[in-house]
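Peer 1: Provided herewith is a single structure, encoded as structure tokens, for subsequent inquiry.
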Amino acid sequence: MAETKEKVWPHPIEAIIFDNDGLLLDTEGIYVLVLEQMMGRKLEWDLRRKLIGRTGPDACSILVKEMGIDEDPIHFLNRRDENLKKIFPTAKFFDYAVEIVKEAKINRKIPIAVATSSNRANYEVKISNKHDFYDLFDSVICGDEVENGKPNPELFLKSMEKLGVKNPQNVLVFEDAPTGVKGANNAGMPVVQVPDPELPADANQEAGAQPTLVLKSLREFDFDKFDWAPRA
């Protein structure tokens, strides 16, 4: 008799929502590089943890305040984005990001979406040479297309609506940042977290984030840990 694996969530999953930056695409290092060049100093983890998963306006407002930068946050944001756009196309996929998305969409026929705090313009630059991959997604919602960024659940709930799912408990979220995990919690969705290995151990607790499952890599994900709604 085949072994029955213990499930980590009691409800069948109908769709998956993926974060992008720091989960599928390795852009976080690019953000840090540009910000450190602009400030002329190191961006420490105590501050980085407050920025990860935030929209650009929110992140730059926090950064300008915390670092005592004498500049309007929106002006700082615009300068940051101009520098970022020169480097974004060089970003690489994380280990197993392509494989897990293809397994979900192509082999298992699961509806999938991207819910990213990035604004649409930056998102389009990031994927400019990766359309074959991102065209697999049924929906993409960006941070400037909602009123409230993560940890508010609006990004996830709007993605759920686009995917045609009625109940948040039937949508599985993949995230890296505590802010995103908390957003999924607030939406009532199960969430698999693949955190940056350098993320401080207390970051989830500080954010009030409670992941359903924590993995070191997307490669560790086991579809059999969840029940999946039958596909037509």
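Reading the sequence shown from the start, the letters are residues 354 to 585 in this note's numbering. No residue lacks a Cβ here, since even glycine has one placed at the ideal position from N, Cα and C.
Taking the alpha carbon of Thr443 as the reference point, which residue from Ile405, Asn482, Asp423, Gly406 has its own alpha carbon closest?
Peer 2: As a working mapping, residue 443 is identified with position 90 in the sequence shown. Minimum Cα distance to Thr443 is reached at Asn482.
Peer 1: List the endpoints of the continuous alpha helix (DSSP H) containing Thr408.
Peer 2: Reading the sequence shown from its first residue, position 55 is the one you call residue 408. Here Thr408 belongs to no alpha helix (DSSP H), and DSSP marks it neither H nor E.
Peer 1: Note the first and the last residue of the continuous beta strand (DSSP E) segment covering Phe486.
Peer 2: Within the sequence shown, numbered from 1, the residue matching residue 486 stands at position 133. Looking at the DSSP string, Phe486 is not in any beta strand (DSSP E); the run it does join, the alpha helix (DSSP H), is 484–487.
Peer 1: Counting only beta-carbon separations shorter than 7 Å, does Asn557 have a partner in chain C?
Peer 2: In the structure shown, chain C does not exist; there is a single protein chain.
Peer 1: Cβ atoms of Gln563 and Asn523: under 7 Å apart, would you say?
Peer 2: Within the sequence shown, the letter at position 170 stands for residue 523. Within the sequence shown, the letter at position 210 stands for residue 563. Their beta carbons are not under 7 Å apart, which means Asn523 does not touch Gln563 by this criterion.
Peer 1: Is the beta carbon of Ile370 closer than 7 Å to that of Val499?
Peer 2: By 1-based counting over the sequence shown, the position of residue 499 is 146. By 1-based counting over the sequence shown, the position of residue 370 is 17. Cβ atoms of Val499 and Ile370: not closer than 7 Å.
Peer 1: For Leu568, which residues of its own chain have a beta-carbon under 8 Å away from its beta-carbon, when the five flanking residues on both sides are left out?
Peer 2: Taking the first residue of the sequence shown as position 1, residue 568 is located at position 215. Contacts found: Val545, Gln546, Val547, Phe574.
Peer 1: Please classify Phe608: does DSSP put it in a helix, a strand, or coil?
Peer 2: What the structure shows of the chain is the stretch from 354 to 585, and residue 608 is not part of that stretch, so it cannot be assessed.
Peer 1: From the DSSP secondary-structure annotation, give me the bridge partner or partners of Ile366.
Peer 2: Within the sequence shown, the letter at position 13 stands for residue 366. DSSP output for Ile366 lists Trp581 as bridge partner(s).
Peer 1: Rounded to a whole number of angstroms, what is the C-alpha to C-alpha distance between His484 and Ala560?
Peer 2: For the purposes of this step, residue 484 is taken as residue 131 along the sequence shown, with counting starting at 1. For the purposes of this step, residue 560 is taken as residue 207 along the sequence shown, with counting starting at 1. So the alpha carbons of these two residues sit roughly 33 Å apart.
Peer 1: Scan the segment 514–543 and note each continuous alpha helix (DSSP H) run of 4 residues or more that stays entirely inside, going in chain order.
Peer 2: Taking only runs of at least 4 residues, the alpha helix (DSSP H) segments lying wholly in the segment 514–543 are 531–540.
Peer 1: Secondary structure at Met354, three-state DSSP: helix, strand or coil?
Peer 2: Looking up residue 354 in the sequence shown gives position 1. In this prediction, Met354 has a pLDDT of 48, which is less than 50 and means its spatial position is unreliable; what the coordinates show is noted afterwards. If DSSP states are grouped into helix, strand and coil, Met354 belongs with coil.
Peer 1: Among residues of its own chain, excluding the 5 on either side of Ala556, which ones have a beta-carbon nearer than 7 Å to its beta-carbon?
Peer 2: As a first step, residue 556 is located in the sequence shown; it is residue number 203 there, counting from the start. Around Ala556: Arg402, Pro531.
Peer 1: Here's the rule I'm using: 16 or more other beta-carbon atoms within 10 Å means buried, otherwise exposed. How should Glu435 be labelled?
Peer 2: Position 82 of the sequence shown, counted from the start, is the residue given in the question as residue 435. When all chains shown are included, Glu435 counts as exposed.
Peer 1: DSSP on Ala468, reduced to helix/strand/coil?
Peer 2: As a position in the sequence shown, residue 468 is number 115, starting the count at 1. Strand, per DSSP.
Peer 1: Short of 7 Å in beta carbon distance, which residues of its chain neighbour Asp491, apart from the five on each side in sequence? Order them along the chain.
Peer 2: Position 138 of the sequence shown, counting from 1, holds the residue named residue 491. For Asp491, where only same-chain residues beyond five positions count, the Cβ hits under 7 Å are Pro464, Ile465, Ala466, Leu516.
Peer 1: Assuming Lys479 and Leu378 make a contact with CB atoms under 8 Å, what is their CB distance in whole Å?
Peer 2: Within the sequence shown, numbered from 1, the residue matching residue 479 stands at position 126. Within the sequence shown, numbered from 1, the residue matching residue 378 stands at position 25. Their Cβ separation, rounded to whole angstroms, is 6 Å, which keeps Lys479 and Leu378 in contact under 8 Å.
Peer 1: In whole angstroms, what is the alpha-carbon distance linking Asp529 and Val518?
Peer 2: Indexing the sequence shown from 1 puts residue 529 at position 176. Indexing the sequence shown from 1 puts residue 518 at position 165. Roughly 23 Å between the two C-alpha positions.
Peer 1: Kindly indicate which three-state DSSP category Phe371 falls into: helix, strand or coil?
Peer 2: Working through the sequence shown from its first residue, we reach residue 371 at position 18. In this structure, Phe371 counts as strand in the three-state DSSP scheme.
Peer 1: Do Gly536 and Phe470 count as a contact pair if the criterion is CB distance below 7 Å?
Peer 2: As a first step, residue 470 is located in the sequence shown; it is residue number 117 there, counting from the start. As a first step, residue 536 is located in the sequence shown; it is residue number 183 there, counting from the start. Looking at the sequence itself, residue 470 is Ser, so the reference to Phe does not match. No, the Cβ-Cβ distance between Ser470 and Gly536 is not below 7 Å.
Peer 1: If I measure Cβ to Cβ from Asn472 and keep anything under 7 Å in the same chain, skipping five residues before and after, which residues do I get?
Peer 2: Stepping through the sequence shown from its first residue, residue 472 is reached at position 119. Same-chain partners within the cutoff: Gly409, Cys495, Gly496, Asp497.
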